[in-house]
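These notes are about the structure you will find just below.
2 protein chains.
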Amino acid sequence: MSLRHALLGLLAQEPASGYDLSRKFEGDLGRYAWQAGHTRIYPELVKMAEEGLVAVETTGARGRKTYVVTDVGRAELRSWLMSPPDNATVRNETVLRMFLVQSLEPADARILLDSIAEHCDAELARLRPLMADIDRAAGTDGLPFGRLAGEYGVRQYDAVATWARWARERLDAAEAAGRVGTRAVAETG
Amino acid sequence: MSLRHALLGLLAQEPASGYDLSRKFEGDLGRYAWQAGHTRIYPELVKMAEEGLVAVETTGARGRKTYVVTDVGRAELRSWLMSPPDNATVRNETVLRMFLVQSLEPADARILLDSIAEHCDAELARLRPLMADIDRAAGTDGLPFGRLAGEYGVRQYDAVATWARWARERLDAAEAAGRVGTRAVAETG
DNA sequence: AACTCCATGTAACGTGTTACATGATTGC
DNA sequence: GCAATCATGTAACACGTTACATGGAGTT
Numbered sequence: 024m025s026l027r028h029a030l031l032g033l034l035a036q037e038p039a040s041g042y043d044l045s046r047k048f049e050g051d052l053g054r055y056a057w058q059a060g061h062t063r064i065y066p067e068l069v070k071m072a073e074e075g076l077v078a079v080e081t082t083g084a085r086g087r088k089t090y091v092v093t094d095v096g097r098a099e100l101r102s103w104l105m106s107p108p109d110n111a112t113v114r115n116e117t118v119l120r121m122f123l124v125q126s127l128e129p130a131d132a133r134i135l136l137d138s139i140a141e142h143c144d145a146e147l148a149r150l151r152p153l154m155a156d157i158d159r160a161a162g163t164d165g166l167p168f169g170r171l172a173g174e175y176g177v178r179q180y181d182a183v184a185t186w187a188r189w190a191r192e193r194l195d196a197a198e199a200a201g202r203v204g205t206r207a208v209a210e211t212g
Numbered sequence: 024m025s026l027r028h029a030l031l032g033l034l035a036q037e038p039a040s041g042y043d044l045s046r047k048f049e050g051d052l053g054r055y056a057w058q059a060g061h062t063r064i065y066p067e068l069v070k071m072a073e074e075g076l077v078a079v080e081t082t083g084a085r086g087r088k089t090y091v092v093t094d095v096g097r098a099e100l101r102s103w104l105m106s107p108p109d110n111a112t113v114r115n116e117t118v119l120r121m122f123l124v125q126s127l128e129p130a131d132a133r134i135l136l137d138s139i140a141e142h143c144d145a146e147l148a149r150l151r152p153l154m155a156d157i158d159r160a161a162g163t164d165g166l167p168f169g170r171l172a173g174e175y176g177v178r179q180y181d182a183v184a185t186w187a188r189w190a191r192e193r194l195d196a197a198e199a200a201g202r203v204g205t206r207a208v209a210e211t212g
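Sequence lines, in order, name chains X and F. Residues 24 to 212, numbered by my numbering, are exactly what the first sequence covers, in order. Residues 24 to 212, numbered by my numbering, are exactly what the second sequence covers, in order.
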């Protein structure tokens, strides 16, 4: 039930409508933490309101409903954050590709690794200036919401880019030595 | 449909039964790439066999069925690996916690960040010797299946541990300056 | 004989995605 | 008036988890 806690966390930061929340998932939150569309968010908010975790604060134009966290909701969020389970849910398609890169032919693996490195570089080029702007505006003593998460993204992409380049070198070395411990997946037909 | 490609990738490496495959998901694959239980794997293998992506190689004792990838399956795996989508599926409970750490009171956030750093240290202590063993056995020119993925894990945990310590420092600095840009989630009742 | 591990499966439920549907408001 | 955006929802489907069920083979 992570969606519910994601919503609680966002609402703990500031009251928002289902529409607002669904757009937050389109940003960095959805990019590397958790994805959810409005079709899932709306019913979940209704359910959470029924359970007393959130409440409708205002009803505005176009049927807009603004939700706020209740004390019960805050307690639930804190309890969830403070007790991480041993086996957290992880489902990452990109990491899966990294696992399976060795089932490709070396030539294909090289192309894939290069494209991963480039993709990470592009994300870094987007994120780094953003973080610098935040620090410039708030100073290194300020800590706007999202700054820690953004930094996580930077370090994450940096690590993956470095990994991809390391992996390519290992692959090259293995191929030069004539022993790529893999059963290649060649194109057929 | 990532499960299907995960299965294809594992079977491309070596033929296996549904039981074998389900146990592979219990290791590092499930720990940081993709999770799946046997109850999902068995029906998926049946479906993939119907579609000609895999085939039953042998039927052994206790009804054991060993699957192999077909040429069609290999082509499908290659095609999937070589065309990564713009918005890959990402669902990571731990990263979500990192996003929401700023909705905790500084004292709680500090405890959480410390526990994240410790958890990463523990994983590193487990993985690093494993990778060293592999390199010792295969040499730096050898590349056993899983070596690249294992290295990804090492770099990943290292990055998160460093991030957690950095985040703690930023949090300390912000609190010292008396401005933690967060609405704290305190315990109630 | 009892226990554990191997090995496969079904059914119910929870969660997430895609497609469909509706209507208000704002900017041009 | 038209298009874009805001704003909410439902229904069907896909995917994943938990609980339940069964039985063979090896070990003590």
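All C-beta atoms, glycine included, are put in the ideal place defined by N, C-alpha and C.
Just the chain X side, please: which residues come within less than 7 Å of residue i by C-beta, in chain order?
i: Val91/F; result: The contacting residues do not exist; Val91/F stays about 11 Å from chain X at best.
i: Arg120/F; result: Leu104 and Pro107
i: Ala200/F; result: Asp164
In angstroms with no decimal places, state the Cα-to-Cα distance between residue i and residue j.
i: Asn110/F; j: Ile157/F; result: 33 Å
i: Leu127/X; j: Ala132/F; result: 42 Å
i: Glu116/X; j: Ile139/F; result: 23 Å
i: Gln58/F; j: Met24/F; result: 13 Å
i: Leu52/F; j: Ala199/X; result: 28 Å
i: Ala72/X; j: Thr62/X; result: 16 Å
i: Gln36/X; j: Phe168/X; result: 8 Å
i: Val124/X; j: Gly83/X; result: 51 Å
i: Leu147/X; j: Val177/F; result: 20 Å
i: Gly165/X; j: Ala197/F; result: 5 Å
i: Asp43/F; j: Glu74/X; result: 42 Å
i: Pro66/F; j: Gly96/F; result: 17 Å
i: Arg87/F; j: Glu80/F; result: 10 Å
i: Tyr90/X; j: Leu31/X; result: 10 Å
i: Gly173/X; j: Ala187/X; result: 21 Å
i: Phe122/X; j: Lys70/F; result: 23 Å
i: Glu141/F; j: Ala78/F; result: 44 Å
i: Arg193/X; j: Thr163/F; result: 7 Å
i: Leu26/F; j: Pro108/F; result: 16 Å
i: Asp195/F; j: Ala155/X; result: 19 Å
i: Arg151/X; j: Thr93/F; result: 45 Å
i: Arg159/X; j: Gly41/X; result: 32 Å
i: Ala130/X; j: Gly60/F; result: 33 Å
i: Gly201/X; j: Pro38/F; result: 24 Å
i: Tyr175/F; j: Arg101/X; result: 31 Å
i: Glu99/X; j: Glu49/F; result: 29 Å
i: Leu153/F; j: Ala145/F; result: 13 Å
i: Ile64/F; j: Ser45/F; result: 7 Å
i: His28/X; j: Trp103/X; result: 8 Å
i: Arg120/F; j: Arg120/X; result: 24 Å
Which residues in chain F sit within 9 Å of residue i, going by Cβ to Cβ distance?
i: Ser45/X; result: Simply none; closest approach about 15 Å.
i: Phe48/X; result: Within chain F, no residue comes near Phe48/X; the closest Cβ sits about 11 Å away, beyond 9 Å.
i: Arg193/X; result: Thr163, Asp164, Leu166, Arg170, Leu171 and Glu174
i: Tyr29/X; result: Going by the sequence as given, residue 29/X is Ala instead of Tyr. By Cβ distance, chain F contributes Leu119, Phe122 and Leu123.
i: Gly75/X; result: None at all; the shortest Cβ gap to chain F is about 12 Å.
i: Ala72/X; result: Simply none; closest approach about 18 Å.
Roughly how far, in whole angstroms, is the beta-carbon of residue i from the beta-carbon of residue j, given that I think they are within contact range, below 8 Å?
i: Gln179/X; j: Ala56/F; result: Between Ala56/F and Gln179/X the Cβ distance is about 15 Å, and since that is not below 8 Å, they are no contact.
i: Leu135/X; j: Met105/F; result: 6 Å
i: Val113/F; j: Arg54/X; result: 7 Å
i: Leu143/F; j: Ala190/F; result: It should be noted that the sequence gives Cys, not Leu, for residue 143/F. Not really, about 12 Å apart at Cβ, beyond 8 Å.
i: Lys47/F; j: Leu33/F; result: 6 Å
Chain X partners of residue i, CB-CB under 8 Å?
i: Asp131/F; result: Arg101, Leu104 and Met105
i: Thr112/F; result: Gln58, Arg114, Asn115 and Glu116
i: Ser25/F; result: Arg114, Glu116 and Leu119
i: Tyr55/F; result: Val113, Asn115 and Val118
List the residues of chain F that residue i touches, going by C-beta distances under 8 Å, in chain order.
i: Thr185/X; result: Arg178
i: Ala182/X; result: Arg178, Gln179, Asp181 and Ala182
i: Gly41/X; result: Here the premise fails: no neighbours, minimum Cβ distance about 18 Å.
i: Ala140/X; result: By Cβ distance, chain F contributes nothing, its closest Cβ being about 12 Å from Ala140/X, past 8 Å.
Which chain F residues are close to residue i, counting only those with a beta carbon under 7 Å from its beta carbon?
i: Ala197/X; result: Asp164, Gly165 and Leu166
i: Ala145/X; result: Residues of chain F passing the Cβ test: none, with the nearest at roughly 11 Å.
Name the chain X residues whose beta carbon is nearer than 9 Å to that of residue i?
i: Leu216/F; result: Chain F is shown only over 24 to 212; residue 216/F falls outside these bounds and no answer can be derived.
| field | Continuous alpha helix (DSSP H) assignments of at least 4 residues falling wholly in the region 79-105 of chain X | value | 94-105
| query | Looking at chain X, which residues of the region 77-106 of chain F have a Cβ within less than 7 Å of any of its Cβ atoms? | reply | Asp94, Arg97, Ala98, Leu100, Arg101, Leu104 and Met105
| task | Return the residues of the region 147-173 of chain X that lie within a Cβ-Cβ distance of less than 9 Å from chain F, sorted by chain order. | result | Ala161, Gly162, Thr163, Asp164, Gly165, Leu166, Pro167, Phe168, Gly169, Arg170, Leu171 and Ala172
| task | Note down, one range per segment and in chain order, each beta strand (DSSP E) of at least 3 residues found wholly within the region 105-181 of chain F. | result | 113-115
| request: May I have a chain-ordered list of the alpha helix (DSSP H) segments no shorter than 4 residues that lie completely inside the region 56-81 of chain F? | output: 61-73
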